[in-house]
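Accompanying notes for the structure given below.
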């Protein structure tokens, strides 16, 4: 009885709670339903986006119209679901209540921002597929060159690309609003957003670069004439290689309307016959190669700063009577080989040969040799043919480029961009706007003058007039000691292996002799370092030998030394120098050493090792190459492109 009475009293006292609990149950059920609907919307949208993430790339324009339309349908479906999800995160009371709380508030804000960013990415993706769809529906005009049509399509997409760029900016703003430390699915979604942004940034940047540079370069705003320098990287010079011929090309309205080719010896003879002018070569070039002969076009690439090469080359061809030009385009064998790999073999009618990626180097050696030519001297009037094979090859390849099918347009743009970054394609313009773009996009291949921290460029020059760079094995090593006072001590070792005896076996002795002489490689090596660097020693085969050159050039200290590499042997040179006050101490108590290692034009991918020693008591925090973390105190990389190395440590 007592318990029954007590229970009735409690029920009367708290009966007002029952409807409240019932309402709460309904609200919780409704919230659970909304949350479940939100979860299914987001999950389905994520799956749709991820399923086409790798394909949703406007640079993959080979897709069929049906493929592109299928991607658009997936995106529209994802977009509808994301609109519902966005409505949920904007109005959900639980998320609103979580916002003031530490940690949970960040997660709630991150969820809102990621859903909004996902919806924006769908809309931007739809605009990108509109461009791809326009491309699939574009019909070729047989009366126009491939380049003309590519530029027409490029300019026709300006409005669409402007919308895509605006979408990118909104996505970047959303990314900037994301709190740090998002966990679980939110953390992985952030990584997905970063990947999408990277791809989208590449798309927008690539289009902007092409649209800003190519129309003017190819004469859409008036006829353009350029000096073309095919550099033979089998006879290496710091700007790319020996210039044994040249061309003058004329573009008008996207068409190649003229190309004149000439052997550099013919140009040299005409200049000397008319004026007898002598131009003093730089000291090492004079001492080891030119001797008493004037500096000329062939060795205009003596300096690694390509704008200097362009100015020198323009001056030399003008002395021989060539017309003035609007700029200079330099290419090397590796550039032409890459084009052949993309476009297929080309016929060079003047030489009755078909050039492929596999035979380009051997054919070039055979067809540029001249048994009567005196190394380091101008051609003489012996009646022997003075060949300009590389210029004629460049002409044939250029004609193929202008006939490329639309399926190869984007691949061509990608290739040109990569060749610029790898310094196999170099551009210099008289027009200030074009030159500014060339510099901004990395095509002018100038020496970096404003790098933060230390600097290094290794410049190998062939001064024995051989084609041995085709077969040499080269590598570099940096032993870096960071000192307590912020100084860096650098020991650079550059080693060359000469497999000439193996290479000459089974080959025509006369060909071998005309190309490689006695198989001895003459290397004049220059090291460009920070201007405050101080040379301590130069060593040959580990023994102190002294420097032949200590100069300042374009705000960089230059150390130079000649050394020979005998057939079948290896040889090395070492430069030991110190750079004061190069390590920076930050407000966070961390010490940072940075070095920008610039690639020499005309080279493939010089193997590079970096071995570091930190000050006593220091602890390594991180080591990075081009922003990517590496483990330990040694770095193994190569110079396919320029490299930025950063070492961060803390003193205990």
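Numbering (my numbering), first residue to last: 52 to 703. Glycine included, each C-beta is placed from N, C-alpha and C at the ideal position.
With contacts defined as CB atoms closer than 8 Å, residue 596 and residue 612 qualify as a contacting pair. Residue 283 is not a Cβ neighbour of residue 542, given a cutoff of 8 Å. Only residues of its own chain outside the window of five on either side were considered, and among them 322, 326 and 328 have a CB closer than 8 Å to the CB of residue 370, listed in chain order.
For residue 280, the pairing in a beta bridge is given by DSSP as 381. Contact annotation: residue 510 and residue 604 have beta-carbon atoms that are not nearer than 8 Å. Minimum Cα-Cα distance from residue 279 among the listed residues 573, 634, 388 and 295 corresponds to 295. Here residue 545 really is in contact with residue 576; their C-beta atoms are around 6 Å apart, less than 8 Å. Excluding sequence positions up to five before and after residue 551, its CB lies within less than 6 Å of the CB of 570 and 618, all in the same chain and listed in chain order. Here residue 175 carries a helix assignment [DSSP, helix/strand/coil]. Between residue 675 and residue 696, the alpha-carbon positions lie close to 6 Å from each other. Counting the other CB atoms within 10 Å of its CB gives residue 213 a total below 16, which places it among the exposed residues. Taking residue 387 as reference, the option from 414, 361, 402 and 365 with the minimal CA-CA separation is 414. With respect to the 8 Å criterion, residue 355 and residue 290 are classified as neighbours on the basis of their beta carbons. Separation of residue 481 and residue 691 (C-alpha to C-alpha, rounded to the nearest whole angstrom) is 28 Å. Burial is judged here by how many other beta carbons sit within 10 angstroms of a residue's own beta carbon; residue 632 has fewer than 16 and is exposed. Counting only unbroken stretches of 3 or more residues, the beta strand (DSSP E) elements lying wholly within the segment 220-303 are 275-283 and 296-303, in sequence order.
For residue 611, the pairing in a beta bridge is given by DSSP as 577 and 600. Every alpha helix (DSSP H) stretch that sits fully inside the segment 181-210 and reaches 4 residues is listed by chain position as 197-207. In the DSSP assignment, the residues bridged to residue 507 are 580 and 648. Note that the C-beta distance between residue 377 and residue 275 is below 8 Å.
The Cβ-Cβ distance between residue 689 and residue 657 falls below 8 Å.
Taking the Cα positions, residue 230 is about 12 Å away from residue 153. Apart from the 5 residues on each side of it in sequence, residue 216 sits with its Cβ closer than 6 Å to the Cβ of 255 in its chain, given in chain order.
With a cut-off of 8 Å on Cβ pairs, the segment 468-480 is not in contact with the segment 402-416, counting fewer than three such pairs. Nearest neighbour of residue 319 by Cα position, chosen from 337, 373, 300 and 361, turns out to be 373.
Under DSSP, residue 529 takes part in a beta bridge, and its partners are 543 and 661. Here the alpha carbon of residue 630 sits roughly 41 Å from the alpha carbon of residue 244. For residue 419, the enclosing alpha helix (DSSP H) has its first and last residue at 411-419. Every alpha helix (DSSP H) of 4 residues or more that sits fully in the segment 309-340 is shown, in chain order, as 315-326. Between residue 444 and residue 399 a beta carbon distance of about 5 Å is seen, short of the 8 Å cut, so the two are scored as contacting. Residue pairing from DSSP places residue 696 in a beta bridge opposite 646 and 676. Per the C-alpha coordinates, the member of 120, 253, 115 and 132 positioned closest to residue 464 is 253. Distance check between residue 174 and each of 200, 194, 126 and 588 places 126 closest, using alpha-carbon atoms only. Per DSSP, reduced to three states, the secondary structure at residue 405 is strand. Taking the CA atoms as reference points, residue 609 sits about 11 Å from residue 583. Residue 494: not part of any alpha helix (DSSP H); DSSP gives it neither H nor E.
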